[in-house]
Amino acid sequence: MSNPVVAKARTFDTRTEANIPVESPLAYSYQRSGAPAPSAKSRVVLRERAMLGHLILRGGAIVLDEAVRAVLGFGLPARPNTLSHSEDGARSIQWLSPDEWLLIVPGGEEFELEGELRNALGDAHYAIVNVSGGQTLIELSGEKARELLMKSTPSDVHPEAFPVGKGVTAVFAKTNLILRRPTETRWELVLRRSFSDYCYRWLLDAGAEYAIGVER
Amino acid sequence: MSKSVTQPNRLKEGGRIDRSRKLGFTFNGQHYQGHAGDTLASALLANGVDIVNRSFKYSRPRGIVAAGAEEPNALVQLGSNEAAQVPNVRATQQALFDGLVARSTNGWPNVQRDVMSLVGKLGGRFMPPGFYYKTFMAPASMWMTYEKYIRKGAGLGRSPMEADPDSYDHLNQHCDLLVIGAGPAGLAAALTAARSGARVILADEQEEMGGSLLDSRELLDQQPAAKWAERVLEELAGLDNVMLLPRTTANGYHDHHFVTLHERRTEHLGETAPLVDGHRGVRSRMHRVRAGQVLLATGAHERPLVYANNDVPGNLLAGAVSTYIRRYGVVPGNKLVLSTSNDHAYRAALDWVEAGREVVAIVDARANPQGDWIDAAKAKGIRIITGSAVIEAKGEKRVSAARVAKIDLDAFKVTGQAETLACDTIASSGGYSPVIHLASHTGARPTWNEEILGFVPSLVKGVHAAGSARGIHDLAAGMADGVAMAAQALEALGQSARAVELPQVDARREGPACALYQVPHEKPTLRAPKQFVDLQNDVTAGGIELATREGFESIEHVKRYTAMGFGTDQGKLGNINGMAIAARCLGKTIPEVGTTVFRPNYTPVTFGAIAGRHCRDLFDPERYTALHQWHVENGAEFEDVGQWKRPWYFPKVVNGKKETMFDAVARECRAVREKVGILDASTLGKIDIQGPDAREFLGRVYTNKWEKLAVGKCRYGLMCKDDGMVTDDGVTSCLADNHFLMTTTTGGAAAVLEWLELWHQTEWPELNVTFTSVTDHWATMTITGPEARNLLAEITDIDLDRDTFKFMDWREGKVAGVPARVFRISFTGELTYEINVQANYAMHVWKTLFEHGEKYGLTPYGTETMHVLRAEKGFIIVGQDTDGSVTPEDLGMQWCVGYDKPYSWIGKRALTRSDTRRTDRKQLVGLKPKDPKVVLEEGAQIVFDPKHAIPMPMAGHVTSSYYSPTLDSGFALAVVKGGQQKMGETVYLPMADGQVHEAEIVSPIFVDPKGERQNV
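Sequence order for the protein chains is A and B. Just so we're aligned: 687 in our numbering is position 159 of the first sequence, and the numbers increase by one with no gaps anywhere. Just so we're aligned: 833 in our numbering is position 640 of the second sequence, and the numbers increase by one with no gaps anywhere.
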C-alpha cells in the first residue's frame, strides 16, 4: 500500500490488490430481488458497472481544467450539466455544480490519478475526494429505457432536452441520483450505495412491463 | 333473473358503435347486451333502463341525464368481485366491456324499491338544507353512529375490502404545449402547434377523440365532421413531436403549468388490467406534465333548465339526446318534448325526428326565435311553442307528461294556462357553460360574459383557452380560435406558428339565446314541486332560496350550507343555475353573486394513480449499510433511523425460543462491558473537509476550539444553531493540516452538510474550504469492550500499544488485509476501535472479525444497546436528550465551549443572552429511581411537589430511560429546571395511572465517572 503523506491533505488508497472478496452495493439486491436474465423480449437492459474509480473534484474550473488536461488528456466539460470523456469513453468528467465535478475512471486507477492531479494542481485551492466505495454505476439501454426513466424522474429526458453528453443530478423516485447520457443508446445512473437497493427494486418494478433484463 | 337481449331503444343503423360485436353486461343483477363502442350509459339507455340510481338525500329515482363527465346521477359501483370494486364511476364515462358488472351506488335494498324514499317522500318537506347538520350533529359523539346508517341508505360508493390486484404508476412528461380537449378547437390547436414543430401533448377524457365533432350535424368540407377529426388525428398520430392521450382527464392544474393527467389505460378492457406476456399492465397512470404553455379546449357543458320534478327519469340534456342518437345509435325514448332557451338545442329535436320517433313539441322561452335550425324544425312539421317553457314534469319512475306554460322571464312568473303534453322524454337546454374548472384551479376568478350567458375563464400567464371553453360556441369560429390561440401560445415560447387551413363550414343563421335558469311555476318556489339544481347533492331551488332567507349571502356560504357543487360532481351542471337562483333571491346580478371556486380533481381519481409505484416496499427508500445482509441473516430486529434500517438488537434463538428484547439488550450490554461487542456504525454521517481554511471553518461552526488539534488526533465537537441551541455533535479528526474528517449524527448527516455549505456560500465565501459527503464510501465497524485490543491485534498491522495509539488518536493500516483507518473514540466508555474501510470490503472485514472474535465473546449489538451504554456514560443523543431548546451549558458541557476563540462562531452571541444565562433553565441530570426496578417513562413529566394542586408546575421531563444490567437498576437522563444545582434532591413523576414515582437527581454519568475504562 503506497501511502504518501501530502503535507496538506492526506490521501489514502482504500483499495487492495490482495485477493479479498469485494461486494458491490447491489450484491445483496441481486440475491434478494433477483436479476432476471435479458431475453429477446427485454426492451430495457440493466447492467451494473461496479468497482469503478469515482473521484469528486472541487475547485476553480480553470486550474482543474489545466490539471486534468495535463494528466488525462481531456478537459473539464465546457458547460454546466454536461460530460466530457476520453476518446475511448472509459474515463469521464461530469459537471455537478459550479465548483464540483465527478471523475469516473476504470477501477484501480483512482488512487494514482489522485496523486498525479494533486501534483499538477500544486498550491491551488482544490479538493479531491475518493468516493469509489460509496457509489455504483448502472447502465440502462433498450428501446424503453427512456420511458422507464420518465416513470422515475421529473427531469426531461426527451432527446431534445437531454442530448448525448448531458448529465444532471436528478430526483429519482423518492431519492436522487446522477443521470447521464454518454451515448445515443445508453443511459447511466450513478447511485449512492445506501440508496442503491431501493433504486434497483424501483427499476425492476417499473421495468417489469418492458420485461427488463439484468446483465451480469 | 330474467335475461333480456333486446335493445328496444337501439337504432338499426347510425352511430359509432360496432353492431357486429356484442358485449354482455350485468346491471343491478340483470343481464343485458350492448355493443363495442357503447358506454355503460348508452347501453343502459339502449336497453330501456330508466332508473339507474336513487338520489343522495331524498332517495328519489334517477335516470341518466348527460352523456359525459357532467353526469350527476348515473354513478355506479363496478366490480364482479371484492378486489375489483370501484366506486362512483360515471356510467357515461365507462366504456362497455364484455362481462362488466355494475350496480347502483345508491338505493337500499334496491333502486326500484327503496327504503329511504319513504323518508324522502314523507320527510321531503322536513329535510331542508342543513338537515343533517341540524338533526344529527348533537350530541357530537353520536354522529358516528348516525352516519353509519345514513351512509348505508344514502351514501355514495364503497371502497374494496381486498387488495387491489392492479398496478398504477406515474409518468413525467414535458412539452411545449399541452392541449386539453380534442374537440374542434383542441384539434385545430394541436394541429397548428404540431405542424409548427412544437412538442405537443393532446389529452382528451373520452373513449374517442373528436369531442362535439363526433355527434355534430354540421358538415366540414361537405363531409361529416367526424371524418375531419379522424384525418387530423391520423396526422397527429404519425408525428414524433406529438403525444396523443385518449381516456385521459386533466384532473388538476397545479402551479407553474404543472398539470396532472389521469390516464385510464385498461378500464375499457376489463375490470383488471389484462395480462400481456405474463405481465399485468398498468391500470391507470398519472402523467405529471410540466408544460411550457397550456391550452384549454375543454368545451362547454350544457345547462339543464330548472323546473318542477326535473329529476324524474326521462329528463335529459338536449345535447345528450343528440349524442346518444348520433354517436351511439340510441334514442332514449319515444315521445320528446324539448324545452330550450337557444337555437343550438333544436338539433336534439331534429335528430329525434330523423331517428323516426315523435317530437311532441319544441317549447322555446323566446318570443320570436329565428334561425336555420328553427326553420328546419318547422319544415319537419314540428310544433313550436314560443314564449313558453316546460314548468313541470309529470311521472314517478319515468316522465309521463310535460306541463307547458307561457312565462314572463323578467317578472319570473307563469302568465298563461298550463297545457299538459303527454311524452316520455323531456330534453332541456338553458345554454352552455364553458368548462372553466382547470383555469379555476390556478386561482384565477372567472368573469361573467353577458353575451354568452356564462362565466369565461380568467387566465394566468401561460394559459390559453380556445373555442367553447371561452364561450366561442360557433363551430367555424371555435376552430379558428384554436389555431389563433395555439399561435399565441407558440409566440409566448418564442416559436412561430405555421398556417393551418381549416375546413369549410356552411354558415348557419342563429338567433340570440335568452337568459333562463330556473323556470317559474304557478306556485312559489318553496311550495312548488322540487326543482332540482344539483341532482347529485339533491339541492333544490327552494333550498337555495331558503338558505338566502336564513341569511347566507355569500355564494361560498350558500354552497356549504346546501352542499351545492360538492362531491364528485364539483358543480358541473348545477353551479351556474344555483348562482342565478341565489342572485334572483338576493336581488343581485350573477356577476355580483360570483362563483364558487372549483377545486381539483375535475373528476374522481383513483388513489392508486395518485400513489403510483410509491407503495408497499417502495413506499419510501430504505437505506442499507454494506453489512445489511449479515444483519438480516443473523436475525437482527431493525429500527428506522431516518431512512436507514439499523439493527436494533440481535435476539438469539435458544431452544426454538426467541430471546425477548429486554434479555437480548441485557446480554449485549454485558458483552460490551465484560468482553467485546461490535456495532455497525456505517450510518454515521461523514464529511470530508479540505482546504487551508478548514481548521478555522471548524472553529466557526463548532462551539469548541480546533486550532491545536494535531494530525493523527480526534476531537469531539458540539454544533449549535445561531440561536445557541445544540443541533448536532460528533467527532472530527485531523487527517492532515488542511484535511479533516467530520462525523455527524445518522439523522443529521444531510442537514449538517447543507448547514456547512450554507454558511460557507452565504456568509464566509472568503474561506477556502470544501465539504464532500463520504458517508457511503466508508463502512464503519465499532469494536468495543475490554477485549477489543486483543481481538483487533490478531488481524491488523497497526501498533495498538496503549501509549502510541492513545484514546482520541487515529491510525492507518490494514485490518483483515484491507486498508483501514482506525479511530480510538468511544461512545460506550469502553476501550473502542472504530474501523473504517471502503464499503465494498466491509463484509470481508466484518466476517473476519467474527472468525477471530468467538474466543473473545464478540457479540453484535444494535442501537438499543448502544443507547443504554452511552446513557450510562451520560453521553447525549442530539434529538433525544436535546430538542432544539438546549444549550451546551444546559447539558453541562461548558468544557466544550470556547468563548475566547479569536473569531466569533455560530451560537456565541445567542449564548450570552440573558435568557440563555438563566440559572433555572432545564438542565441535563441523571435520575436514579428510588425503586431500582422502575424504568421511568421517556417523556414523563417531573415535578418538585407532588402534593401541589393541579395544575402542578412542571419542572422538566425524562429524555432517556433504560434498565442498566451493569447497575442492575433503572436509570434515566432528564432535563430539570436548575437541575445541576439540585444534586441529591428528590423529584416526582406522577403517572397517568395515578402512581407517583420518586427519583433522586444524580450526575448523568452512571458508569466509570473518571473515564478510566476507555483509556486503558
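Every residue, glycine too, gets a C-beta built ideally from N, C-alpha and C.
| Check | Outcome |
| --- | --- |
| Whole-angstrom distance between Leu604 of chain A and Gly617 of chain A, CA atom to CA atom | 14 Å |
| Rounded straight-line distance, which links the Cα of Asn527 of chain B to that of Leu204 of chain B | 12 Å |
| Residues that Gln223 of chain B contacts on chain D, provided the C-beta gap is smaller than 9 Å | Looking for chain D here will not work: the only protein chains present are A and B. |
| Cβ contact (3+ pairs, closer than 8 Å) linking the stretch 895 to 907 of chain B and the stretch 999 to 1007 of chain B | yes |
| Within 8 Å, strictly: CB atoms of Ala403 of chain B and Ala381 of chain B | Looking at the sequence provided, one finds Gly at residue 403 of chain B rather than Ala. The answer is no: Cβ separation not under 8 Å. |
| Contact under 8 Å by Cβ, Asn246 of chain B with Pro793 of chain B | no |
| Simplified DSSP state of Ala229 of chain B, which is helix, strand or coil | strand |
| Cutoff 8 Å: Lys196 of chain B Cβ touching any chain A Cβ | No answer about Lys196 of chain B holds up, because its pLDDT of 42 lies below 50 and its placement is not dependable. |
| Residues sharing a beta bridge with Thr727 of chain A, DSSP | Just to set this straight, residue 727 of chain A is Cys in the shown sequence, not Thr. The partner list for Cys727 of chain A (beta bridge, DSSP) is empty, contrary to what the question assumes. |
| Where Gly217 of chain B falls: helix, strand or coil (DSSP) | strand |
| Element boundaries [alpha helix (DSSP H), containing Gln559 of chain A] | 555 to 561 |
| Burial state of Ile590 of chain A (16 or more Cβ within 10 Å) | exposed |
| Between the CA atoms of Ser561 of chain A and Gly346 of chain B - distance to the nearest angstrom | At Gly346 of chain B the pLDDT is 47, less than 50, meaning the model places this residue with poor confidence; the figure from the coordinates comes in the next sentence. Distance between the alpha carbons of Gly346 of chain B and Ser561 of chain A is about 47 Å. |
| For Ser683 of chain A, the three-state DSSP class (helix, strand or coil) | coil |
| Whole-angstrom distance between Leu531 of chain B and Lys587 of chain B, CA atom to CA atom | 15 Å |
| Residue-level contact to chain A via CB, Trp971 of chain B, 8 Å cutoff | yes |
| Chain A within 8 Å of Leu438 of chain B, Cβ atoms only | no |
| Three-state secondary structure (DSSP) of Ile645 of chain B | coil |
| Residues of the stretch 827 to 846 of chain B whose Cβ lies closer than 9 Å to any Cβ of chain A, in chain order | Gln836, Trp837 |
| DSSP bridge partner residues for Ser297 of chain B (one or two, in chain order) | B:Val269 |
| Asn768 of chain B: first and last residue of the uninterrupted beta strand (DSSP E) it sits in | First-last for Asn768 of chain B: 768 to 779, but that is the alpha helix (DSSP H), not the beta strand (DSSP E). |
| Cβ neighbours of Leu407 of chain B in the same chain (closer than 6 Å, five flanking residues each side left out) | Ala419, Arg520 |
| The stretch 1033 to 1044 of chain B contacting the stretch 853 to 863 of chain B, beta-carbon criterion three pairs below 8 Å | no |
| Helix, strand or coil at Thr1025 of chain B according to DSSP, with G and I counted as helix | strand |
| Residues near His1045 of chain B in its chain [Cβ-Cβ closer than 7 Å; skip 5 each side] | Leu984, Glu987, Ile988 |
| CB contact flag (Lys723 of chain B, Ala501 of chain B, <8 Å) | yes |
| CB contact check: Asp873 of chain B to chain A, cutoff 8 Å | no |
| Glu743 of chain A to Cys368 of chain B span [Cα, whole Å] | 33 Å |
| CB contact below 8 Å: Leu902 of chain B versus chain A | no |
| The stretch 1112 to 1132 of chain B touching the stretch 1163 to 1180 of chain B, judged by at least three CB pairs closer than 8 Å | yes |
| 9 Å Cβ cut-off: residues of chain A touching Gln822 of chain B | Glu551, Ala555, Tyr556, Gln559, Arg560 |
| Alpha-carbon to alpha-carbon, Met354 of chain B and Thr618 of chain B | 40 Å |
| Rounded separation between Ala598 of chain A and Phe451 of chain B - CA only | 46 Å |
| Beta carbon proximity, Met529 of chain A to chain B, threshold 8 Å | Interpretation of Met529 of chain A is limited by its pLDDT of 36, a score under 50 that renders its predicted location unreliable; no figure is taken from the coordinates. |
| Chain-order list of residues whose beta-carbon lies under 6 Å from that of Thr219 of chain B (same chain, five-residue window excluded) | Val294 |
| For Val552 of chain B, the three-state DSSP class (helix, strand or coil) | strand |
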